[in-house]
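Chemist: Before I ask anything, let me first share the structure, which is written out below as structure tokens.
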Amino acid sequence: MALHNLTVAGLAAGLKAREFSSLDLALHFLGRIERLAPELNAFVTVTADRALADARAADERLARGEGGPLTGVPIAHKDIFCTDGILTTCGSKMLANFVAPYDATVVERWRAAGTVLLGKTNMDEFAMGSSNETSFYGPVKNPWDLKRVPGGSSGGSAAAVAACLAPAASGTDTGGSIRQPAALTNLTGMKPTYGRVSRYGMVAFASSLDQAGVLTRSAEDAALLLQVMAGHDRRDSTSVDAPVPDYRAELATPLKGLRVGLLREFFDKGLDPQVEKCVRDSIEVLRREGATISEVSLPSLPLSVPTYYVVAPAECSSNLSRFDGVRFGYRCDSPRDLLDLYKRSRGEGFGAEVKRRIMTGAYVLSAGYYDAYYLKAQKVRALIAADFARAFEDVDVVIGPTAPTAAFELGAKTSDPITMYLNDIYTIGANLAGLPAISIPCGFVREGGKDLPVGLQMVGPHFAESRLLSASHQYQLLTDWHKRVAPGYE
Amino acid sequence: MSLNRSQVEGIAHLARLEITEAQMPVYVDSLSRIIDFVEQLAAADTAGTEPMAHPLADQVQRLRADEVAEADQREKYQRNAPSVAAGLYLVPKVIE
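As given, the protein sequences belong to chains X and G, one line each in that order.
Under the working numbering, the first residue of the first sequence carries the number 1, and numbering increases by one thereafter.
Under the working numbering, the first residue of the second sequence carries the number 491, and numbering increases by one thereafter.
This is the structure in structure tokens:
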């Protein structure tokens with residue numbers, strides 16, 4: 001098996017057995033990136049020198065018999081995570097020249113674990129998008145069909161891992177930005193519980209929804225990487241101070257007895273029938289292994305998209321006020337006065353979708369509209385969270401599709417924001433309620449002469465990451481959807 | 491259209507965003523569609539429901555001792571600034 005086809009677990013085992021060195025891996029993946037990343041537009045920055053230095057350091061550690069389970073394994077970071085001394089653009093012209101002065105906690109922890117940084121991946125501008133078409137650096141292409149989107153906003157991370165340019169990559173998920181691209185590119189994508197992973201050094205979009213996670217080619221890999229990401233961080237005031245379980249050890253938990261709630265609202269009229277078939281077939285696999293399947297209803301869930309498009313823009317308009325053309329980031333030429341400097345730096349530095357969301361947020365927070373929109377949305381958010389809490393009295397996980405369709409064509413949904421927003425109809429609920437959720441490969445649909453991947457989503461109660469990972473791992477022991485790689489990238 | 495041009499100009503000013511003449515109609519249209527779309531929240535029965543600002547209800551903001559924990563890194567941080575002099579961020583003249 002070629003090096004790039006190995007999982008993180010496989011690479012770690014090979015490194016430990018000295019079958020290859022970390023330098024071998026870095027050179028191999030850098031070679032693939034050089035050859036294949038441009039057609040996908042998956043990376044904003046390739047950190048070749050850093051990768052080689054990291055790999056040499058990892059090899060020395062391994063030679064001394066030191067290092068942990070991830071020492072020497074190459075990874076990529078979504079360009080939303082600050083990386084000390086390395087360009088951190090967030091997919092925006094606003095930060096096109098921003099060299100982060102410190103490492104995000106996620107970056108620091110993966111680095112301390114001995115991983116090797118290959119580069120920073122492309123993304124929707126400030127993580128605002130569901131197709132990776134809002135990036136200042138241009139759209140990312142889906143390895144399964146270059147005419148189609150990889151999903152967003154972690155589209156560069158998804159394309160990179162799906163094309164075997166990196167064995168794993170970080171992502172962030174505010175309304176589905178890890179799970180939806182994972183579904184559209186045949187990856188495992190994990191969004192942990194809100195507060196499980198530190199947000200320190202992660203450029204903020206909507207602070208009550210943002211959560212870091214991981215895109216991998218198996219649930220086992222997700223467990224390995226989450227293990228070293230999760231945990232309390234005093235530098236993030238919403239980071240939760242709770243012990244981190246041994247995710248890998250808990251992968252062995254069997255499916256037998258798992259109470260699965262089939263989410264009625266996820267099987268609505270907007271769901272593509274071919275996608276529905278894949279999802280229902282995969283649920284049958286769980287049933288055959290002894291999981292009990294029942295139907296659950298979350299009556300307020302259909303309001304999750306409008307709720308999100310009040311709450312997230314409101315938080316975004318507040319968070320993005322820091323980009324003022326004064327302290328860092330883009331500044332316009334020859335400002336007439338301070339107001340002109342603010343307005344033109346922001347007007348020229350932000351792209352269309354980011355400006356649209358900032359203005360939506362400014363409107364729903366403005367005097368006279370606050371109660372009707374923002375306060376109302378916060379109340380509906382409470383209803384949605386209560387619906388989930390009630391469901392989890394009877395079931396361990398709720399299940400359904402990750403996205404209503406397989407990957408769509410570039411440009412197909414860019415003219416109407418609402419059409420684009422509805423892509424996240426099945427993923428947003430978990431963010432509003434702060435719940436952990438995972439998307440795993442569960443089949444393919446045939447469209448335009450291409451096989452396109454479909455994702456199965458599971459959502460669990462707060463801090464039930466172990467349950468989601470073990471159910472996914474057990475499913476992946478029985479199926480091989482997750483092992484399929486896009487033609488041309490095998 | 492739930493929003494008119496002058497409302498959108500007002501929002502853009504509040505948000506400190508310069509919107510070009512050519513782009514203004516596009517924002518009037520798309521922001522109106524978004525506001526129309528989120529309007530459906532009005533029909534939800536939220537009587538007696540407390541607004542939810544944070545996904546983990548039982549979390550409280552932690553306090554820490556007011557102690558110096560970081561070294562001075564002004565120079566490093568200011569390397570990203572568009573214009574600085576003598577440790578100060580420069581902006582157009584504010585006071586005549």
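Idealized CB from N, CA, C, for every residue including glycine.
Taking methionine 128/X as the query, report the chain G residues whose CB atoms sit under 8 angstroms from its CB, ordered along the chain.
Modeler: Simply none; closest approach about 13 angstroms.
Chemist: Which residues does DSSP pair with aspartate 145/X in a beta bridge?
Modeler: Asn142/X
Chemist: Got a sec: is the Cβ-Cβ distance from serine 366/X to anything in chain G below 9 angstroms?
Modeler: yes
Chemist: Going along chain X in order, which residues have a C-beta closer than 7 angstroms to the C-beta of valine 528/G?
Modeler: Below the 7 angstroms Cβ cutoff, chain X contributes Pro306, Tyr309, Val310 and Tyr373 as neighbours of valine 528/G, in chain order.
Chemist: For methionine 514/G, would you say it is in contact with chain X, using Cβ-to-Cβ distances shorter than 9 angstroms as the test?
Modeler: no
Chemist: How many angstroms separate the CA atom of threonine 134/X from the CA atom of lysine 120/X?
Modeler: 17 angstroms
Chemist: Hey, could you find the ends of the beta strand (DSSP E) threonine 536/G is sitting in?
Modeler: Counting along the chain, threonine 536/G falls outside any beta strand (DSSP E), and DSSP gives it neither H nor E.
Chemist: Determine the DSSP secondary structure at methionine 202/X, reduced to helix, strand or coil.
Modeler: Strand, per DSSP.
Chemist: Using CA atoms only, rank isn't needed, just tell me which of Asp221/X, Ser218/X, Pro245/X and Glu220/X is closest to glycine 231/X.
Modeler: Pro245/X
Chemist: Pairs of beta-carbons, one from the region 507 to 525 of chain G and one from the region 383 to 392 of chain X, closer than 8 angstroms: are there three or more?
Modeler: no
Chemist: Decide if valine 326/X is buried, meaning its Cβ has at least 16 other Cβ atoms within 10 Å, or exposed.
Modeler: buried
Chemist: Counting only the same chain and skipping the five closest in sequence on each side, list residues whose C-beta sits under 6 angstroms from that of leucine 341/X.
Modeler: Answer for leucine 341/X: Gly325 and Pro335, listed in chain order.
Chemist: Do threonine 105/X and tyrosine 247/X have their beta-carbon atoms positioned less than 9 angstroms apart in this structure?
Modeler: For tyrosine 247/X and threonine 105/X, no; Cβs fall outside 9 angstroms.
Chemist: Considering only DSSP beta bridges, list what lysine 120/X is partnered with.
Modeler: Thr45/X and His77/X
Chemist: If you follow the alpha helix (DSSP H) that valine 240/X is in, where does it begin and where does it stop?
Modeler: From DSSP, valine 240/X is part of no alpha helix (DSSP H); its letter is neither H nor E.
Chemist: For serine 378/X, which residues in chain G fall below 7 angstroms Cβ to Cβ?
Modeler: Residue identity differs from the one stated: residue 378/X is glutamine in this sequence, not serine. Neighbours of glutamine 378/X on chain G, chain order: Pro541, Met542 and Ala543.
Chemist: If we ignore side chains and look at the alpha-carbon of each, how far apart do glycine 195/X and aspartate 124/X end up?
Modeler: 23 angstroms
Chemist: Can you tell me the Cα-Cα spacing of alanine 9/X and glutamine 530/G, whole angstroms?
Modeler: Looking at the backbone, the Cα of alanine 9/X and that of glutamine 530/G are separated by about 47 angstroms.
Chemist: Along the alpha helix (DSSP H) that carries threonine 185/X, what are the first and last residues, could you check?
Modeler: 179 to 185
Chemist: When you compare each of Asp173/X, Thr88/X and Tyr308/X to phenylalanine 136/X by their alpha carbons, which one comes out closest?
Modeler: Thr88/X
Chemist: Between arginine 264/X and leucine 298/X, is the Cβ-Cβ spacing less than 9 angstroms?
Modeler: yes
Chemist: What's the C-alpha gap between valine 310/X and arginine 56/X?
Modeler: A straight line joining the alpha-carbon of valine 310/X with that of arginine 56/X spans about 48 angstroms.
Chemist: Roughly how far, in whole angstroms, is the beta-carbon of isoleucine 80/X from the beta-carbon of methionine 202/X, given that I think they are within contact range, below 8 angstroms?
Modeler: 6 angstroms
Chemist: I'd like to know whether the C-beta atoms of leucine 468/X and isoleucine 438/X end up nearer to each other than 9 angstroms.
Modeler: Result yes, Cβ atoms of leucine 468/X and isoleucine 438/X sit closer than 9 angstroms.
Chemist: Taking 9 angstroms as the CB-CB cut-off, is alanine 571/G touching chain X?
Modeler: Interface residue (Cβ-Cβ distance to chain X less than 9 angstroms): alanine 571/G is classified as such.
Chemist: If I'm right that alanine 166/X touches alanine 76/X with Cβ under 8 angstroms, what's the distance once you round it to whole angstroms?
Modeler: 4 angstroms
Chemist: Do you know how far the Cα of alanine 12/X is from the Cα of glycine 455/X?
Modeler: 26 angstroms
Chemist: Between the C-alpha atoms of glycine 448/X and aspartate 145/X, what's the straight-line distance to the nearest angstrom?
Modeler: 9 angstroms
Chemist: From leucine 23/X to aspartate 236/X, what distance separates their C-alpha atoms?
Modeler: 34 angstroms
Chemist: For serine 520/G and chain X, any beta-carbon pair shorter than 9 angstroms?
Modeler: yes
Chemist: Short of 9 angstroms Cβ to Cβ, which residues in the region 67 to 86 of chain X face chain G?
Modeler: Close to chain G, meaning a Cβ-Cβ distance shorter than 9 angstroms, is no residue of the region 67 to 86 of chain X at all.
Chemist: Any residues in the region 338 to 359 of chain X with a beta carbon nearer than 8 angstroms to a beta carbon of chain G? Which ones, in chain order?
Modeler: Taking a C-beta cut-off of 8 angstroms against chain G, the contacting residues of the region 338 to 359 of chain X are Leu338, Leu339, Asp340, Leu341, Tyr342, Lys343, Arg344, Arg346, Gly347, Glu348, Phe350, Ala352, Lys355, Arg356, Ile358 and Met359, listed in chain order.
Chemist: Measuring CB atoms only, is the region 341 to 352 of chain X touching the region 500 to 518 of chain G, in the sense that at least three cross pairs come out at less than 8 angstroms?
Modeler: Touching, yes, given that three or more Cβ pairs across the two stretches are closer than 8 angstroms.
Chemist: Excluding the 5 residues preceding and the 5 following alanine 391/X in the sequence, name in chain order all residues of the same chain whose CB lies nearer than 7 angstroms to its CB.
Modeler: Cβ neighbours of alanine 391/X beyond the five flanking positions: Gly261, Val296, Leu298 and Val398.
Chemist: So, helix, strand or coil for lysine 499/X, using DSSP?
Modeler: Nothing can be reported for residue 499/X, as the shown portion of chain X is limited to 1 through 490.
Chemist: How close, in whole Å, do the beta carbons of glycine 114/X and leucine 52/X come, if the pair is a contact with beta carbons under 8 angstroms?
Modeler: That pair is no contact at about 15 angstroms.
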